[in-house]
Ligand code: SF4
């Protein structure tokens, strides 16, 4: 279920701006954005690499699982090869349930770790182990553990975007797709919460539920850059467009949203909403699946800080961008050689056992919501 913003209608609409020059700049921007997603531009090279990757996956009994924010070419190959494109939890769950002995995770490091936690007997590889996340980096296990120790009366809930060591310290791990429901459930049991690491998501949940939450001070460097003023400029140019916002964005963005939700929920909202034009405040990698879900709609990147309607948005995660087709080919070619070690996710068995508990708890809670 997408979380619909109850205050969206209360926000005054920005004055309509008829600025054709600005509109043209936005059109040019959109055309530029379309370019890297148009596989036909390099169709021959893409098809060659796709065939090579699919053959290497088959030969190594491997499955490619990719995140929504990776390059569209990677997402297309993950789907064509029988893998999956999804959020971090679904990626890990899909990997666990696959017959493959090797999981190749295109995403960032905590996603590789989550896959390893759910599939400890499988080999989990990543194109580069340098691909990390500002939320993970901003929540070091030792400091976080000391913070939790200082508030022993509180239930510790951490977002999926954390290291295995931070997950191991938590009572619950949660994704943004069920975070509101879980905190609501815990609040109804009278529990006080420590929430980490994303302060914006935490503040959003706190406002939805009214729970007693102590927030860790982390942020996603991509979503934190979205600004309401810049959004208002583009909304003025496209007054009939709906605004879809990921809750890692600042509250001022959420207040202008027609729909707020996790990656999967935003894709569902893009399909469900009646609007032909949608302004999207999350990483632009998601456009690949949104275009699949709603092929006749127009998608516009929400502008980032300070650049208004003439923006060149930087809404793309630099660490997700470290995954590319050549790295994937190299990683697969190195399986069975000593070089494979530089791609392998290793999590200590005792940490896996600890981190699996709050993950399993979340999976059970998520399943109970579907019943
Ligand atoms: S988009 Fe943000 S939350 Fe996602 S991996 Fe990149 S830095 Fe982390």
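Numbering (our numbering), first residue to last: 1037 to 1407.
Glycine residues also receive a C-beta, built at the ideal position from the N, C-alpha and C atoms.
What you are looking at is a predicted structure, and each value in this text was computed from that prediction instead of being measured.
- The region 1270–1280 and the region 1289–1302 touch, with no fewer than 3 CB-CB distances between them shorter than 8 Å.
- In the structure shown, the three-state DSSP call for residue 1240 is helix.
- Taking the Cβ of residue 1197 as the reference point, at least one heavy atom of ligand 1 falls within a distance shorter than 6 Å.
- Ligand 1 never approaches residue 1175 closely enough for any of its heavy atoms to be under 6 Å from the residue's Cβ.
- According to DSSP, residue pairing for residue 1122 in a beta bridge involves 1103.
- Remark: the shortest separation between the CB of residue 1298 and any heavy atom of ligand 1 does not fall under 6 Å.
- The shortest CA-to-CA distance from residue 1222 to any of 1406, 1401, 1407 is the one to 1401.
- Of 1392, 1361, 1322, 1179, the smallest CA-CA separation from residue 1103 is found for 1322.
- 1395 is the residue among 1395, 1254, 1100, 1406 whose C-alpha sits nearest the C-alpha of residue 1211.
- A check of alpha carbon separations from residue 1203 across 1387, 1399, 1078 identifies 1387 as the nearest.
- For residue 1398, same chain residues with a beta-carbon under 8 Å away, outside a window of 5 residues either side, are 1125, 1208, 1209, 1210, 1211, 1214, 1218 in chain order.
- Between the region 1156–1168 and the region 1135–1143 there are three or more inter-stretch CB-CB distances shorter than 8 Å, so the stretches are counted as touching.
- By the Cβ criterion, the region 1252–1264 is in contact with the region 1228–1242, since at least three pairs of Cβ atoms, one from each stretch, lie closer than 8 Å.
- Relative to ligand 1, residue 1381 has its C-beta separated by 6 Å or more from all heavy atoms.
- In this structure, DSSP gives residue 1230 an extended state, which the three-state scheme calls strand.
- Under the three-state reduction of DSSP output, residue 1193 falls in the strand class.
- For residue 1323, the enclosing alpha helix (DSSP H) has its first and last residue at 1323–1329.
- Assignment of residue 1140 by DSSP, reduced to helix, strand and coil, places it in the strand class.
- Cα atoms of residue 1369 and residue 1086: separation of roughly 14 Å, rounded to the nearest angstrom.
- Across the structure, residue 1153 and residue 1246 are spaced so that their CA atoms are roughly 32 Å apart.
- In this structure, DSSP gives residue 1216 a helical state, which the three-state scheme calls helix.
- For residue 1249, the enclosing beta strand (DSSP E) starts and ends at 1249–1251.
- Ligand 1 has no heavy atom closer than 6 Å to the beta-carbon of residue 1290.
- Contact check for residue 1142 against residue 1106 passes: the beta carbons are separated by less than 7 Å.
- Per DSSP, the unbroken beta strand (DSSP E) holding residue 1335 starts and ends at 1334–1337.
- Judged by the Cβ position, residue 1209 fails to qualify as a neighbour of ligand 1 at the 6 Å threshold, every heavy atom of the ligand being at least this far.
- Restricting attention to 1339, 1393, 1313, the CA atom closest to the CA of residue 1201 is found in 1393.
- Sequence-distant partners of residue 1092 (beyond 5 residues in either direction) whose C-beta falls short of 6 Å from its own C-beta, in its chain, are 1368.
- A direct Cα-to-Cα measurement between residue 1264 and residue 1243 gives close to 18 Å.
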